[in-house]
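What follows is one structure encoded as structure tokens, with my remarks underneath.
There are 2 protein chains.
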Amino acid sequence: MSTGPRAVTIGDVARAAQVSTTTVSKVINGLPRVAPRTRERVLDVVAELGYQANPTARNLRAGRTDAIGLLVPELDRPYFGQLATRLADALEPTGRHLVVQRSGLSRADELAAASFARLRMYDGVIITVVGLNPPDLEQLNFRTPVVLVGERPLPRTFDHVMMDNVEGAATATAHLLERGSRRIVMLGGRQGTTEQDMPTLRTLGYYKAHARLGVPLDERLVAPIRLLDMASGYAAVRRLADDGVAFDGIVAATDVVAIGALRALGDLGIRVPADVQVVGFDNIDETEFTKPRLTSVDPGNEQIAATVLRFLESRMAAHSGEQPEAADEPTVEVTIPARLVVRESTRPA
Amino acid sequence: MSTGPRAVTIGDVARAAQVSTTTVSKVINGLPRVAPRTRERVLDVVAELGYQANPTARNLRAGRTDAIGLLVPELDRPYFGQLATRLADALEPTGRHLVVQRSGLSRADELAAASFARLRMYDGVIITVVGLNPPDLEQLNFRTPVVLVGERPLPRTFDHVMMDNVEGAATATAHLLERGSRRIVMLGGRQGTTEQDMPTLRTLGYYKAHARLGVPLDERLVAPIRLLDMASGYAAVRRLADDGVAFDGIVAATDVVAIGALRALGDLGIRVPADVQVVGFDNIDETEFTKPRLTSVDPGNEQIAATVLRFLESRMAAHSGEQPEAADEPTVEVTIPARLVVRESTRPA
DNA sequence: TTCGACCGAGGTATCGTTTCCTCAAGGGCG
DNA sequence: CGCCCTTGAGGAAACGATACCTCGGTCGAA
């Protein structure tokens, strides 16, 4: 279709340097069996013509892109940005690099399908499964090595690194209970569903902690949220207050929701942690800079990133034939332990 | 290299369905000239074999990827995450999709080169130029349509959407001066350099406002920061306090830095805005949720995203030959006007 | 009855690289 | 002096898909 001036190809370089494309290819890739003089001549022509290899053609032939795809539900969530940074940092020394794409939380199937199709381009794929349904994932039957980083049990088609949502939330809730809260809101919680999504699991932990400590629980305190963002966290707390629901603690489904909650409590003149204790989940960098600093559950971020990459490397090695016997090894599923990071939004013991 | 089971190709499908690859291709792409029965048979085989088109091969042949690349300095900065989201949202209806890569703030040249090389894969590229030097950009001589979104004047090799750093910072500074601040810190500022980077430009605006309003300026109030993140903003304010520097206002180079500053002021027992007024830059979503809410300069985020895409669409149309005469049109450079969004971190007039 | 249009389908070149193999020339070693 | 190994270089086949062109058959219109 392109009418514009054709891009410079390896053939153009070969012709201008009076060598074969094979030789040009060797020079570009730093392979041996090229005379120094020839090499130099080729490099001169490359510079003169401004030749740059076509990565698509290279990928097709080489069957390799040196790129790892990361699929996240949203691009503007601190948690995913920070996860991406950790992964990119760890990947850099290996010569591969990270490419981030958005899956969208509740996109139409066709869009999801298109997203998945593109993932085939990468040497390996990391998928964060938050809004994805198992059926969506089943359809993902390509050969590319995949590692899931997620929230919930899934059909074990892929290696899967899970955070311990239930125990993490239970620890957070127990912490509030131990520090004296008795009416704790589960902000962004979800109940009465058979789905095993993140809000449901964290709510489950919230229940568990109450049961363990023998504290009765008011179901009205589970406050669902449509979108787990700051504005929704803010709105939900305002709504609880408007409805006259009394509470003295908040377990937020995510730190981002907690930040919205903190702001709402401030507007309502409610003191944190004196009147209401707040605990978040994810331990994003922002927790150190809220007012007050946010107590949060660290799902094991460093370990999650490291484990994901270890699994992926292993699958990729098997895939590229270095350890062919490992190609069909059963999928692995690990749960990374969570730990509570106590800051200022909860009271001292 | 791959020893594993070869992926299913269009040829495998053709063989199993007893048709030609051409026919399979037509079916996959929904092209006409295929009998309903044949189409159905092919689709059955596709489902049975789990065939998925190889996007790399398709891209090579079609000369098109339907993907737009976005190069950002860091993946965990709210500003870029939010920019990416806006771009992705606007791109979705066009059938293209956004792919985000990290350039790194101060990476080695080789890494930058590798990053750039991969960008050739995309139909269009959006580059945020913060840590990039003009020389780096010169080397970027491929044919792919490129739009720069940046902070500073650049060699006009590409279309360029700039934010008005100088006037934006001047407006912010003037706002503080008008509301009574007299010793204003330029947090993350930079002076005494000929470079036209973002910190320098915003510092320039800070100077301008002082000059315009005839307020004398203490050079010690310009506090440089190595990394424009929350921790650095926090540390810089603590350092100023430790050094006994008196101040009653802060213009932060970015909102993220301002958030760090707010936290430091809180720890120091300094009230905002009563004792010290604070204004940030970028107008990220977080500004609505800090305590107090952060007054900030909106560089025109919506308009920036819209303009970037308009330029890119136009270049891409020219590139693909729809308007060949436009292919060599001179590059455009626009500056989007900034506007101050007043919140709670500055005093009422 | 004949001719042209259209439909279904396939053959084949091509996108720009890399990779495998071949081959000639030169040099060291027995 | 002959043999073998190494070096420099090129020819040609992939990689997996799409697009252009061709071709036989059918059907409607003149």
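Chains A and B supply the protein sequences, listed in that same order. Sequential numbering from 276 applies to the first sequence in my numbering. Sequential numbering from 276 applies to the second sequence in my numbering. C-beta atoms are modelled at their ideal positions from N, C-alpha and C, and glycine is treated no differently. Note that the structure is predicted; figures quoted are calculated from it, not measured.
Chain A contact for Ser277 of chain B (CB, 9 Å cutoff): Confidence at Ser277 of chain B is low in this model, with a pLDDT of 42, below 50, so its placement is unreliable and the value that follows should be read with caution. Yes - at least one Cβ of chain A is within 9 Å of the one on Ser277 of chain B.
Cross-strand partners of Phe556 of chain B (DSSP beta bridge): B:Val572
Residue-chain proximity (Arg538 of chain B, chain A), Cβ-Cβ < 9 Å: yes
Within-9 Å CB hit, Asp560 of chain B to chain A: At least one C-beta of chain A is nearer than 9 Å to the C-beta of Asp560 of chain B.
Three-state class that DSSP yields for Asp473 of chain A in the structure shown: What sits at residue 473 of chain A in the sequence shown is Met, not Asp. Residue state, collapsed to three classes: helix.
Local conformation of Leu345 of chain B per DSSP, three classes: strand
Among A:Asp560, A:Ala291, A:Val572, nearest to Ala528 of chain A - alpha-carbon criterion: A:Val572
Selected residue, minimal CA-CA separation from Ala539 of chain B, among A:Asn329, A:Asn558, A:Lys566, A:Val400: A:Lys566
Distance between Phe522 of chain B and Arg454 of chain A (C-alpha atoms, nearest Å): 39 Å
Paired residues, beta bridge with His435 of chain B - DSSP: B:Leu423, B:Glu608
Chain A contact residues for Ile534 of chain B, given Cβ-Cβ distances below 7 Å: Phe564
Extent of the continuous beta strand (DSSP E) to which Met461 of chain A belongs: 459 to 462
Short Cβ contact (9 Å threshold) for Pro353 of chain A with Val583 of chain A: no
Supposed contact pair Val374 of chain B and Thr403 of chain B - C-beta distance, whole angstroms, cut 8 Å: Actually they do not touch by this definition, with Cβ atoms about 14 Å apart.
Closer than 9 Å to chain A by CB, Ala289 of chain B: no
Candidates B:Thr298, B:Leu358, B:Gly325: closest to Arg314 of chain B by CA position: B:Thr298
Endpoints, beta strand (DSSP E) assigned at Arg377 of chain B: Start and end: 372 to 377.
Proximity of Met396 of chain B and Ala337 of chain B at Cβ, strictly below 9 Å: no
8 Å contact criterion, which Val607 of chain A and Asp434 of chain A should meet: CB distance rounded: Yes, they are in contact, since the Cβ atoms of Val607 of chain A and Asp434 of chain A sit about 5 Å apart, within 8 Å.
Beta-carbon gap between Tyr326 of chain B and Asp287 of chain B smaller than 9 Å: yes
Contacts that Met396 of chain B makes with chain A (C-beta to C-beta distance below 7 Å): Pro330, Thr331
Integer-rounded CB distance, given that Glu349 of chain B should sit under 8 Å from Thr475 of chain A: That pair is no contact at about 33 Å.
Short CB-CB distance (under 9 Å) between Ile285 of chain A and chain B: no
Inter-residue Cα distance where the pair is Pro574 of chain B and Met505 of chain B: Spanning the two alpha carbons is a distance of roughly 20 Å.
Chain B contacts made by the segment 356 to 370 of chain A, where a contact means CB separation under 8 Å: Gly356, Gln357, Ala359, Thr360, Ala363, Glu367
Cβ shell of Val283 of chain B (< 7 Å), same chain only, five flanking positions each side left out: Leu324, Gly325, Tyr326
Val400 of chain B in three-state terms, based on DSSP: strand
C-beta contact flag for Gln376 of chain A and Asn576 of chain A at 9 Å: no
Per-residue contacts from Arg393 of chain A into chain B (C-beta, under 9 Å): Pro330, Thr340, Asp341, Ala342, His372, Val374
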